[in-house]
Amino acid sequence: MSDVGNAPGASPGISPSNSAGQVTAIRRLLRRLRGIMAGSASAQERLDRIVRVIAAEMVAEVCSAYVMRAGEVLELFATEGLRPEAVHRTRLRVGEGLVGQIAATARPLALAEAQAHPDFAYRPETGEEVYHSLMGVPILRGDRVLGVLIVQNRTPRHYTEDEIEVLQTIAMIVAELAASGELVNPLEMAQSRGGASLPVRLDGLRLNPGLAIGPALLHEPKIVIRQVVAEDAIAEEERLRDAVAAMQEAIDALVDASRGLGPGEHRDIIETYRMFAADRGWLRRITEAVRSGLTAEAAVQKVRDETRSRMLQISEPYLRERLFDLEDLANRLQQYLAGQAPGIAAADGPAEFILVAHSMGPAELLDYASRRIRGLVLEEGSPTAHVAIVARAFDIPVVGRVAEAVERIDNGDTVIVDGDHGQVMIRPSGDIEQGVAATIAARSKRRAYYDTLRDTPAVTRDGVAVRLLLNAGLLLDLTQLPVTGAEGVGLFRTEIPLLTRHAFPDVADQTEFYSRAYEQADSRPIVFRTLDIGGDKVLPYLAHAAEENPAMGWRAIRIGLDRPAMLRQQLRALLRAAGGRDLYVKFPMIAEIAEFEQARALLDKEVARLAAEGREPPRSVRVGVMLEVPSLLWQLPALLQRVDFLSIGTNDLAQFLFACDRGNPRLADRYDLLSAPMLALFRQVIAACNAAGKPLSMCGEMAASPIEAMVLIALGFRTLSLAATAIGPVKAMTRSLDAGALAHYLDELGERPDHSLRRWLEAYALDHAIAV
Ligand code: PEP
Ligand code: MG
């Protein structure tokens, strides 16, 4: 009992009434806990002592530690204050009771009247009915919850933010014990997850397509924090300062090096990242944790764990992604503290590998760029995450949101990354490995064949010429123009580069960006679409209230017309960049002619302004509309009189036509675009455009699928805009197609009321040797 010290109330303790001596009290408590951890007692004995010390120092009648066991069960492992016979008997499932809630949400909880809470679960064996107040924190290691630490008080009281902080700090020490494997045999957890070395398939999110196989390399060298409590807080703060300085210096060097990579968004990304590395709030929180007595490593870990659990609460995608950058920085800082420069793990790894990480920032991926990353597996990530954007530029297949990837994959395991289907296979059987290797070989052969088509025209066997254009959003995408042989850019999604920035660019910045796009396109035409923000593309620096149905909400041209200054600035920048060249611009999500006319009027004002400023005007200005909202179908003749061209965006058009959320995976196969209503719609639009003599193009994803592109060409489309990877396959299909013959067949198929016409069309392609 020697380490228990004073009885509750006798010590100054850590309490709301005592915040002046708080830091000293925390340091004393941490010192005592360190003494216990360093002792030779068994893990159970150490835990018993720890809960006693916490209860005494935090002036609480109860302190209990629950530890996670196999099957997501939290078991009471030690208690001061509850009945001893409840130890190892009281068990709660994750999500059950207040303890289970803390584990499920990985968030602290503090209640003055715990029993009044709807989640309170009464356990008679504990005798806890007399305690009114409860404060609990998760015992975290990385993003895994290893248990829950609770204090309780008999009289109702409010716990302060500071007290919650203190308990979180203590929980880090308990986490060391829980993670040591001395309390619960690690085998128990491994077995509950299903045999550690058997082949496993994990599902995730498609972040970049492609297939890859190779040995795994775990990105974060697992940093083991050997010491949680510092010997000397002042020396520790100095260590932290040195490591931060070294890290910032290295990031500055990375910014300089990224200039050498040529223009592109990765530079903006790295600049933003540098800004995060100097984020005062983040550095201050780490420094405060060091001042409270933690080692620098433990302080970084603490702030990082808190960031992670906050991340779980945030649904706004852009903000979540910025937190990944902070996480990436925490990893780097840990490595500097450990005396390793980042990237060292890769230095002695295999020459080519599949990189596996919890989350990753763009800078870290660039660290590896000189080496061969065949594929990337992330536990986090989203399509607009910085790391995904950079990976796309390097054509690395990526699967994100793969739960427990780091846990389940060991260095050297054979891993298959299937970016097309969002799947990861770990330790595949020999058969599967061979099958995948054969597919990869066949794909690279096919790619080599598509390369040979690069300079050949996309003309059908019966002489119909088709223009194949590129869909782009980043300057990096434009490097694909000469690679694929695309004739130009049919859709430049101008909002995409904004997603990687921290502030809205001014006119000069935008002008520079569009000028760079023109330069890279090297006199090929570019159709710029004005900003389509809103929906799933929310910018953090633009106030945007949460919406019930963001896809049908305040987005695209609706924002542009309500915030005309923003749209005018974009149009001004486009006009300036287009001086002496052809400018093609189209407006997204137009639902009525009046909207087009308003947008067009803003453009006209900017054209007049350009002339008044004496700047060089574009050689020509052509203005079009995206057909994404079905209401336009009943306004076509009048609309077509006013526009220079029309572009169909099937991604949105189909979602509104079938009332089917384009982002909902459960609905992905619900309706088929190769069906009577869609084909009838296309026929109507083609006829209207032909009658009005206005060019029509298709830039939705539909154009990227060879069998769908086959039908579009037979119906009468002559311009398709698609992702770079689809250009080769669609060109190969076009060159094997007799468009006239298929048009007859489509007439024969008529307006079958079937769910889909796909199987007839597949059979047709097979019979006529069309390369779909
Ligand atoms: C579309 O809706 O088909 C389209 C091309 O626009 P986005 O995918 O950018 O919404
Ligand atoms: Mg759209």
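With the working numbering applied, the sequence shown covers 4 to 775. For each residue, glycine too, the CB sits at the ideal point set by N, CA and C. Since the model is a prediction, treat every value here as computed from it, not as a measurement.
Across which residues does DSSP place Ser623 in a beta bridge pair? Asp585
Would you mind listing the beta strand (DSSP E) stretches within the stretch 594 to 641 that are 3+ residues and don't spill past its ends, in chain order? 623 to 630
Could you tell me the alpha carbon to alpha carbon distance between Met736 and Gly476, rounded to whole angstroms? 25 Å
In whole angstroms, what is the alpha-carbon distance linking Gly197 and Leu190? Reliability fails at Gly197, whose pLDDT of 47 lies under 50, so the model's placement of it is uncertain and the value that follows must be treated cautiously. Each residue's alpha carbon lies about 11 Å from the other.
Would you call the CB atoms of Arg496 and Arg532 closer than 9 Å? yes
Between Ala215 and the rest of its own chain, which residues show a CB-CB distance below 6 Å, the 5 nearest in sequence each way excluded? Arg377, Gly378, Pro400 and Val420
Report the CB separation of Thr82 from Ala73 in whole angstroms; it is logged as a contact under 8 Å. About 21 Å separates the two Cβ atoms, so there is no contact after all.
Hey, Ala249 and Tyr125 are a contact pair by Cβ (cut 8 Å); roughly how many whole angstroms apart? Not quite, the Cβ-Cβ distance comes to about 53 Å (not below 8 Å), so this is no contact.
Spatial neighbours of Ala742 within its chain, please: CB distance less than 7 Å, with the 5 preceding and 5 following residues excluded, ordered by chain position. Thr463, Asp465, Val467, Ile716 and Ala717
Mind listing which residues have their beta carbon within less than 6 Å of any non-hydrogen atom of the ligand PEP? Chain order is fine. Leu494, Arg496, Asp535, Glu631, Gly652, Thr653, Asn654, Asp655, Cys702 and Gly703
Beta-carbon contacts of Met592 that lie in its chain and below 8 Å, excluding the five residues immediately before and after: Asp535, Arg558, Ala559, Ile560, Arg561, Met629, Glu631, Val632 and Asp655
In the DSSP assignment, find the beta strand (DSSP E) that holds Pro141 and state where it starts and stops. Ser136 to Arg144
Give me the Cα-Cα distance between Arg555 and Gly538, rounded to the nearest whole angstrom. Correcting the residue type first, residue 555 is Met in the shown sequence and not Arg. Each residue's alpha carbon lies about 7 Å from the other.
Taking 8 Å as the threshold, find out whether the stretch 276 to 296 comes into contact with the stretch 228 to 244 through three or more Cβ pairs. yes
Buried versus exposed, by CB contacts within 10 Å (16 or more), Lys448: exposed
How would you call Asn156, buried or exposed, if buried means at least 16 neighbouring beta carbons within 10 angstroms? buried
Straight-line CA distance for His361 to Ala119? 38 Å
Met592 (DSSP reduced to helix, strand or coil): coil
Any non-hydrogen atom of the ligand MG within 8 Å of Pro591 CB: yes
In chain order, what residues of the same chain have a beta carbon less than 7 Å from the beta carbon of Ala440, not counting five sequence neighbours either side? Ile216
Near the ligand MG: Met138 beta-carbon under 8 Å from a heavy atom: no
To the nearest angstrom, report how far apart Ala115 and Cys66 are at their CA atoms. 16 Å
Residue environment, Tyr767, which counts as buried when at least 16 other CB atoms sit within 10 Å: buried
With a threshold of 8 Å (Cβ to nearest heavy atom), would Met555 be considered close to the ligand MG? no
Where does Asn188 fall in DSSP's three states? coil
What does the Cβ neighbour count give for Met278, buried or exposed, with the cut at 16 atoms within 10 Å? exposed
Is Ala301 closer than 9 Å to Gln230 when the C-beta atoms are compared? yes
Determine the closest residue to Arg2 out of Asp423, Val469 and Ser432, with distance taken between C-alpha atoms. The structure shown does not extend to residue 2, since the chain is modelled only from 4 through 775, so no value can be given for it.
Gly384 and Val393 look like a contact to me (Cβ under 8 Å); what is the Cβ gap, rounded to whole Å? The pair is not a contact, with the Cβ atoms about 12 Å apart (cut-off 8 Å).
Would Val133 be called buried (16 or more neighbouring beta carbons within 10 Å of its own) or exposed? exposed
Leu677 versus Asp331 - alpha carbon distance: 44 Å
Entirely enclosed alpha helix (DSSP H) segments - the stretch 20 to 84, minimum 4 residues: 25 to 41 and 46 to 60
Starting from Ile3, follow its DSSP beta bridges and name the residues at the other end. With the chain covering only 4 through 775, there is no way to say anything about residue 3.
Reduced DSSP secondary structure (H/G/I, E/B, other) of Ile173: helix
By DSSP, does Lys697 sit in helix, in strand, or in coil? coil
Do Met629 and the ligand MG come close, with the Cβ less than 8 Å from some heavy atom? yes
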